[in-house]
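Input: a single structure, listed below in structure tokens.
Number of protein chains: 2
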Amino acid sequence: LDFNYVEQARARQAQLTKPAGSLGRLEEIAAQVAGITRSVIPVVQRRAVVVMAADHGVTAEGVSAYPKDVTPQMVLNFLAGGAAINALARQAHADVIVVDIGVAADLEHPNLLSRKVRRGTANMAREAAMSEVEVLQAINIGIAVLENLAEQGLDLVATGEMGIGNTTAASALSACLLDVPAEYVTGRGTGIDDQQLAHKVRIIERAIAHNAPDISQPLDVLAKLGGLEIAGLVGVILAAASRRIPIIIDGFISSAAALVAWSLAPTVRDYLFAGHLSVERGHRLILEKLDLEPLLNLNLRLGEGTGAVLAMHIIEGALRTHKEMATFSEASVSNKDNA
Amino acid sequence: LDFNYVEQARARQAQLTKPAGSLGRLEEIAAQVAGITRSVIPVVQRRAVVVMAADHGVTAEGVSAYPKDVTPQMVLNFLAGGAAINALARQAHADVIVVDIGVAADLEHPNLLSRKVRRGTANMAREAAMSEVEVLQAINIGIAVLENLAEQGLDLVATGEMGIGNTTAASALSACLLDVPAEYVTGRGTGIDDQQLAHKVRIIERAIAHNAPDISQPLDVLAKLGGLEIAGLVGVILAAASRRIPIIIDGFISSAAALVAWSLAPTVRDYLFAGHLSVERGHRLILEKLDLEPLLNLNLRLGEGTGAVLAMHIIEGALRTHKEMATFSEASVSNKDNA
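Going down the list, the sequences are from chains U and V. One point on numbering: in this note's numbering, the residue at position 325 of the first sequence is 325, and numbering is uninterrupted. If you want this note's numbering, it's the position in the second sequence, counting the first as 1, plus 1000.
In structure tokens, the structure reads:
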């Protein structure tokens, strides 16, 4: 953050026609975006959500309530405009950028960014999810996607994902990078029962034990446990921060990507907003680690970027009040101190 | 609520391309609005926030950080479009309806609804804030304002207010209607210090002791403790519920009005959404009494309807996903049960 701009934004807030601090987090958001973008009165006109899609070999172990065919089906649904993320992105005037970074099916569509690194990860319960080369490829794809968007003009980006089995990968990653037992960060994903949840925890424990990632090396953890879409989002987050573009992270999967990005480059944290608090139990622990307070808490657990895009309205509200409100002197309103 | 429509809305939600329940509160909101409006796929196109403004005689006791001149000054600021509520209403495409229901100053403006019952309430620390006739006049004004909006077409209404000293009135009302000590429901308003807060609590205790309202009679409590803008909002809430229009209540003052309305007619509760949780300490207790879960929690304490209007985006998100998402069969996506 550029604290020169943070301070200038705060000074403006103190002059606006409201009791000091009465807009609460909206005031903090405005100051943070000012510090991110080096603009005293920033705008977030041009918006996008990057939805990275990939499959997970670990679904062979029966960790998800849905079959993996749903990944390509939902990618086509995104491209046809029929998913929750499409409805919410239309509302928020955000472009939906769909990236096939590793779906285990052949997909073609004029609006699909086909950047397949491989057809799904390997089954991490038996081998490394991907190689070191592949994880770097996936991160670079995320960087390139963001750079391309930034070249066209981008003020605010949200992270989204689709991949049957990806809560399993996110839980495994979180357990390693937060150094907590797998059960602390493993939830029901798309909707498994108690017995399936216990099985999912055991699979994650087995994957970690079998691959023995070096937890001091985030890329080793990411390569061994996956997934490709998470690696892609790591690239998106790193590139957006380096471009001084505010990033809204979505739920558990996106936050696992943020955790990896933060492990690689701790300063990215200042460029992040947590869109919401997911029902997935690992999410809260990641946000606490990153010291991020979620903007919304609506019991969402869908992913796709839905909570992040819904939170765009909060960011916009913060910047609209910051920009559009009259000052005490402009409006001839008595301030507390000159009463 | 018409549960026939609630059930039909839930049946639709179960067919949309997402894991069951994964949109959390958005799904509940869609079902509730369906039940309110008797529409399986409701819309909230035409929106307004009704901002009732009035003064409070109790400011003579030094209970506020701001002078009472700020009430008319801020009304003019609303009419000029320079306040926080204007910025947020522009974002939410909501009309701002400003009503002078009891400002202690002469105000004229083509867009102001001049419905002054009296020039501010009397000082409740020494006498009843208003008469029984005046409280009914104020409620009727709120009803008439809402009816007029509804005639022109209204799908969603938010409540807002302005009145220096009105947290004092709301605290006094809440203490009586929740039957709790004044200090439980008294906060810092626009920003008083510890000593001033203790003074404010004593003034509220004195007002309650002196007026001895009959806590089983909500209108007696409202007349004796005020304020005019709160009574006006009671009318807005009652009329909107009777018109089957969903209502988003804002912070502490608006919620005190909702508490009075609920005391008069408990079924209004089902037509209410709590926009946000205010910093004002009494707010949580009112929402718990009404069994309402706030949609946002952003440390706001400005009033004006700001939190309620910001929450309109959440309601819209709920209804957009409900309306615009493809079903499993439309999108050829495998559901959990037919996998």
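Ideal Cβ positions, reconstructed from N, Cα and C, are used throughout, including at glycine.
- Under DSSP, V:I1215 takes part in no beta bridge, so it has no partner.
- With respect to the 7 Å criterion, U:L319 and U:V70 are not classified as neighbours on the basis of their beta carbons.
- If you check each beta-carbon in the segment 1050–1077 of chain V against every beta-carbon of chain U, the ones closer than 8 Å belong to A1065, Y1066, P1067, D1069, V1070, Q1073, M1074, L1076, N1077.
- Rounded to the nearest whole angstrom, the C-alpha separation of V:R1206 and V:A1182 is 10 Å.
- For the pair V:G1024 and U:L298, the CB atoms are nearer than the 7 Å cut-off.
- Taken atom to atom, the span from the alpha-carbon of U:R126 to that of U:M52 is near 24 Å.
- Proximity of the segment 1214–1228 of chain V to the segment 48–64 of chain U falls short of the contact definition, fewer than three beta-carbon pairs being nearer than 8 Å.
- DSSP, reduced to helix, strand and coil, places V:H1093 outside both helices and strands of the structure shown, so it counts as coil.
- Residue contact check for U:K336 against chain V: a CB pair falls below 7 Å.
- Here the alpha carbon of U:V40 sits roughly 35 Å from the alpha carbon of U:L302.
- Its chain contains A1172, A1175, C1176, A1182, L1225 as the residues whose beta carbon lies nearer than 8 Å to that of V:I1208, once the 5 sequence neighbours on both sides are disregarded; these appear in chain order.
- In this structure, the beta-carbon distance from V:V1157 to V:A1240 falls below 7 Å.
- Measuring C-alpha to C-alpha distances from V:L1238 to each of V:A1089, V:W1262, V:D1250, V:G1251 identifies V:W1262 as the nearest.
- In the three-state reduction of the DSSP assignment, V:E1293 falls in the coil class.
- Using a CB distance cut-off of 7 Å, U:H313 counts as an interface residue toward chain V.
- The alpha-carbon of U:D2 is positioned some 30 Å away from that of U:A331.
- Note that the segment 1058–1065 of chain V does not touch the segment 1243–1251 of chain V; fewer than 3 beta-carbon pairs, one per stretch, sit closer than 8 Å.
- According to DSSP, U:F273 shares a beta bridge with U:I248.
- Beta bridge pairing from DSSP links V:T1121 with no other residue.
- Contact between V:A1170 and V:F1252 holds: CB atoms are separated by about 5 Å, below the 8 Å threshold.
- At least 7 Å separates the beta-carbon of U:D250 from that of U:T186.
- Scanning chain U for C-beta atoms nearer than 9 Å to the C-beta of V:P1019 yields A65, Y66, G189, T190, G191, R301, L302, reported in chain order.
- In this structure, DSSP gives U:E280 a state outside helix and strand, which the three-state scheme calls coil.
- Near chain U, meaning a CB-to-CB distance below 8 Å, the residues of the segment 1088–1116 of chain V are L1088, R1090, Q1091.
- Under DSSP, V:M1325 shares a beta bridge with no residue.
- A straight line joining the alpha-carbon of U:G21 with that of U:Q15 spans about 11 Å.
- Under the Cβ criterion of 7 Å, V:M1325 is counted among the residues facing chain U.
- Contacts between V:S1263 and chain U, judged by CB atoms closer than 7 Å, are missing: the closest CB pair is about 28 Å apart.
- Rounded to whole angstroms, the separation of the alpha carbons of V:L1272 and V:L1264 is 15 Å.
- Put simply, the backbone Cα of V:Q1013 is about 48 Å away from that of V:A1129.
- In this structure, V:D1100 keeps its C-beta atom at 7 Å or more from the C-beta atom of V:L1088.
- Between V:A1009 and V:A1034, the CB-CB gap stays under 7 Å.
- The three-state secondary structure of V:L1113, taken from DSSP, is strand.
- Between U:G163 and the set U:A144, U:A104, U:E316, U:P213, the nearest pair of CA atoms involves U:A104.
- Under a criterion of Cβ atoms nearer than 9 Å, no residue of chain V is adjacent to U:T168; the nearest Cβ is some 15 Å distant.
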